[in-house]
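One structure is given here, and the rest of the page talks about it.
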Amino acid sequence: MAQKKTSGSDQIVSVDQHRIRLTHLDKVLYPQTGTTKADVIAYYAAVAEVMLPHVRDRAATRKRWVNGVGTEKKPGMMFFQKNLDESTPSWVKRRTIEHKDHANQYPLVNDLATLTWLAQIAALEIHVPQWQFGRTGTIKNPDRLVLDLDPGDGMGLTDCAEVARLAREILKDMGLDPMPVTSGSKGIHLYAALDGKQTADQVSAVAHELARALEADHPDLVVSDMKKSLRDSRILVDWSQNSGNKTTVAPYSLRGRMRPMVAAPRSWRELASRDLAHLDYEQVMRRVKKSGDLLDALTAGHLSALEPTPEHMARFDATPQARDRLEQYRSKRDAAKTPEPVPKGRAAASSGRSFVIQEHHASRLHWDFRLEHDGVLVSWALPKGVPTEYKKNHLAVQTEDHPIEYGTFEGDIPKGEYGGGHVDIWDAGTYELEKWRDGEEVIATLHGEKHGKHKYALIHTGGDGKAENNWLIHLMKAD
Ligand code: MN
């Protein structure tokens, strides 16, 4: 983060190539501990690397305390924000959710710049659902299950930990491996990674069943019903946050409590301690520095989903072959002038099978058809898009290989730059490969988030000279 001092306690910083004005840095947001806005911004920067994988591509709601959390006697005013307002910087990634009578636009907390901006506007708490948006903006099935263990009157954190262990036994029998997070408020959240094959309603039903089973076995300790009157001296196993329209405070989020506590991932060994306590932001920063992300395994499922996320990319080693393949791509672009990804280093050799089709409003409208292969996105430009009739083949002009990161690119390439114009993701997903003969023929079945399953054959026309990059794309009958 490059910093430039301006007047008073304000600063302009440059994060991920975005300029962000940080104001009132010395404002105290937690009076009891004297924790300032500068401290909050520094905290989120320190945990960004471990936090972002858990919030990425989720509709983020914000709880803001613009004048701080106040005191016990005079709590600060909090407001809850779902929809983005006009003051949101244009570079903040966003997605829309259509509700019955209105639509809300949510920010995606996908990078350090967005996290920094959220800290700047005193969005101390960040809440996210258990599902992610797909690359085309579709709502995917949940990729994690959550149970919120909430202590009733007279119950404490160690009681929650006891119920967490009981829930863990049941979840293990179901083939799930839950991980605990002390919420920084009262209780414990248990998260378990899912394979994304079940809908939010199905996951909710399972979580509800589990809560009822715990209550039946331990009626003196557990309650599964939200009604407060039932909760005295017991732990509520709140299963309802698995609903598609509910959120849970994100792992590593600060809490708007009197002290700057954090929703902190914990080990099961820690949970067994009689001295178990919630952690504050300074403790969490030290832990992250020392041991990284205890919740790492929660996003492991994303690796098999073949999405070209940085986590996915990091798993592969580079090959010289892939390194060479991006030379042409790089030579056409200046990282300082285009928002497109321009990887400096070598390309990663992946064995993934992701695809993307981008609608590209360049000087001539076309659709870019890209298949992940040998560590790059092998690419064709389709002036008429993909064929929708079996009998009508479309022209597909092979273009330079693109980096895998390009599979998530949407935005505006500036006028005058190579390919200047707007790019949208038309469809994205994974594909099954039937045949790949370099420079001759490719047959693949695409599983698109948005447009479903289609099988295509790409066949080189055999031309040379000017026509050497010309292929035809043919829609095939599915097997
Ligand atoms: Mn293009």
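Numbering (the working numbering), first residue to last: 164 to 642. Glycine is no exception: its CB is placed at the ideal position from the N, C-alpha and C atoms.
{"Asked": "Cβ of P566 within 7 angstroms of Cβ of P502?", "Found": "no"}
{"Asked": "Within the segment 546-617, note down every full beta strand (DSSP E) run reaching 3 residues or more, in order along the chain.", "Found": "557-565, 574-576, 584-600 and 604-611"}
{"Asked": "Under the assumption that F518 contacts L534 (Cβ atoms under 8 angstroms), give the Cβ distance between them as a whole number of angstroms.", "Found": "5 angstroms"}
{"Asked": "Would H352 and D311 qualify as a contact pair, given that the criterion is a beta-carbon distance under 7 angstroms?", "Found": "yes"}
{"Asked": "Suppose you measure from the CA of N633 to the CA of G611; what does that come to, to the nearest Å?", "Found": "25 angstroms"}
{"Asked": "Might you give, ordered along the chain, the residues of its own chain that have their beta carbon closer than 7 angstroms to the beta carbon of H524, omitting 5 neighbours on each side?", "Found": "G584 and H585"}
{"Asked": "Alpha carbon to alpha carbon, what distance is there between M214 and V412?", "Found": "12 angstroms"}
{"Asked": "Here's a check: name, in chain order, each residue in its chain whose Cβ is nearer than 6 angstroms to the Cβ of V605, leaving out the five neighbours to either side.", "Found": "W599 and L621"}
{"Asked": "DSSP three-state call for R493: helix, strand or coil?", "Found": "helix"}
{"Asked": "Say yes only if the C-beta of H523 is nearer than 6 angstroms to one or more non-hydrogen atoms of ligand 1, and no if none qualify.", "Found": "yes"}
{"Asked": "Looking at the strands, I want to know which residues DSSP matches up with V539.", "Found": "H536"}
{"Asked": "With three or more beta-carbon pairs closer than 8 angstroms as the criterion, would you say the segment 355-370 touches the segment 301-309?", "Found": "yes"}
{"Asked": "To which residues does DSSP link S436 through a beta bridge?", "Found": "Note: S436 sits in no beta bridge, so no partner."}
{"Asked": "S436: which of P341, D395, Y444 and E325 sits nearest, CA to CA?", "Found": "E325"}
{"Asked": "In the DSSP output, what is L271 paired with across the bridge?", "Found": "A222"}
{"Asked": "Taking 6 angstroms as the cut-off, is the CB of D531 close to at least one heavy atom of ligand 1?", "Found": "yes"}
{"Asked": "Taking 6 angstroms as the cut-off, is the CB of G582 close to at least one heavy atom of ligand 1?", "Found": "yes"}
{"Asked": "How about the segment 170-186 and the segment 375-383: do they share at least three Cβ pairs that are nearer than 8 angstroms?", "Found": "no"}
{"Asked": "In the DSSP output, which residue or residues are listed as bridge partners for T259?", "Found": "Q268"}
{"Asked": "Could you have a look at M342 and say whether DSSP puts it in helix, strand or coil?", "Found": "strand"}
{"Asked": "Based on Cα-Cα distance, which residue from D173, L192 and V178 lies nearest to R418?", "Found": "L192"}
{"Asked": "Within 10 angstroms of its Cβ, does M424 collect 16 or more other Cβ (buried), or is it exposed?", "Found": "buried"}
{"Asked": "By Cβ distance below 6 angstroms, which residues in the same chain neighbour L399 in space, the five residues on each side in sequence not counted?", "Found": "D313 and V386"}
{"Asked": "Within 8 angstroms, do at least three Cβ pairs link the segment 319-336 to the segment 238-248?", "Found": "no"}
{"Asked": "From the DSSP output, in three-state form, read off W623 for me.", "Found": "According to the sequence as given, residue 623 is His; it is not Trp. Correct three-state label for H623: strand."}
{"Asked": "Taking DSSP's pairing of strands, which residues face A427 in a bridge?", "Found": "T345"}
{"Asked": "With the cut-off set at 7 angstroms, would you say L271 and K256 are in Cβ contact?", "Found": "yes"}
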